[in-house]
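What follows is a set of notes on a single structure, which appears directly below.
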Ligand code: GRF
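In UniProt numbering, the protein residues as written are 1 to 193.
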């Protein structure tokens, strides 16, 4: 059974989908804790599933590094086999990445390396592309630059807004994430050491 810690910043709709998948007794991974860099509304999903959660508010710390130290301490306490960034809108300090890498994966609402960064959906729409995508990567020290372990194209429809396009991408992200974590848990996908 793979013990997974999930980090979020927002609504956590992708987290919820993952929690629902992990609730299946046949799924080879379970969420042991959910963390956030703010008082994220998505933490409620952890409560709904009876899973411990923690919040390490970025704004309460003197620096990104100090915030990272506390986040790493909270994560370490759960001894996760894998950390999933699911809508964490914060760059992890290099020291935190180095402590847990390569056992950190991130979902991104674009077809990386297209449209990295915090506004992948908005940037794809602004670029006028007819298709974008969803990706799951292994987190390294860069911004969405790590090895791609899964990705799939998602069409952009005429008249799409950022919200309608993001809503079309998220189900694909969820499916890719659930499958990637399953493959990590079964050893089919090796992240290395
Ligand atoms: C997801 O598309 C994630 O990839 C991006 O932000 C979104 C989070 O949505 N970084 P939610 O909080 O899971 O609803």
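Just so you know, even glycine gets a beta-carbon here, dropped at the ideal spot from N, CA and C.
For chain B, is any of its Cβ atoms less than 8 Å away from the one on residue i?
{"i": "residue 55", "result": "Of the chains in the structure shown, none is chain B; there is only one protein chain."}
Tell me the rounded alpha-carbon separation between residue i and residue j.
{"i": "residue 96", "j": "residue 69", "result": "7 Å"}
{"i": "residue 87", "j": "residue 192", "result": "24 Å"}
{"i": "residue 90", "j": "residue 7", "result": "10 Å"}
{"i": "residue 178", "j": "residue 36", "result": "20 Å"}
{"i": "residue 67", "j": "residue 60", "result": "8 Å"}
Please go through the same chain and pick out, in chain order, the residues whose beta-carbon is closer than 7 Å to the beta-carbon of residue i, but skip the five residues on each side of it.
{"i": "residue 101", "result": "139, 140"}
{"i": "residue 72", "result": "96, 99"}
Identify which residue in the options has its Cα closest to the Cα of residue i.
{"i": "residue 9", "options": "50, 99, 106", "result": "106"}
{"i": "residue 185", "options": "22, 63, 50, 35", "result": "22"}
{"i": "residue 63", "options": "93, 78, 36", "result": "93"}
{"i": "residue 49", "options": "61, 175, 24", "result": "24"}
Only counting the same chain, and skipping five residues up and downstream in sequence, which positions put a Cβ closer than 8 Å to that of residue i?
{"i": "residue 124", "result": "110, 114, 115, 132, 156, 165"}
{"i": "residue 196", "result": "Nothing can be reported for residue 196, as the shown portion of the chain is limited to 1 through 193."}
{"i": "residue 39", "result": "55, 57"}
{"i": "residue 130", "result": "155, 156"}
Between which residues of its own chain and residue i is the CB-CB distance below 6 Å, once the five residues before and five after are set aside?
{"i": "residue 122", "result": "162"}
{"i": "residue 169", "result": "109, 134, 154"}
* Asked: How about the stretch 147-158 and the stretch 115-122: do they share at least three Cβ pairs that are nearer than 8 Å?
  -> no
* Does the stretch 26-44 come close enough to the stretch 73-89 to have 3 or more Cβ pairs within less than 8 Å? -> yes
* alpha helix (DSSP H) runs wholly inside the stretch 46-116, at least 4 long, in chain order -> 64-78, 94-100
* **Runs of beta strand (DSSP E) lying entirely within the stretch 113-166, each at least 3 residues, in chain order** => 131-138, 148-155
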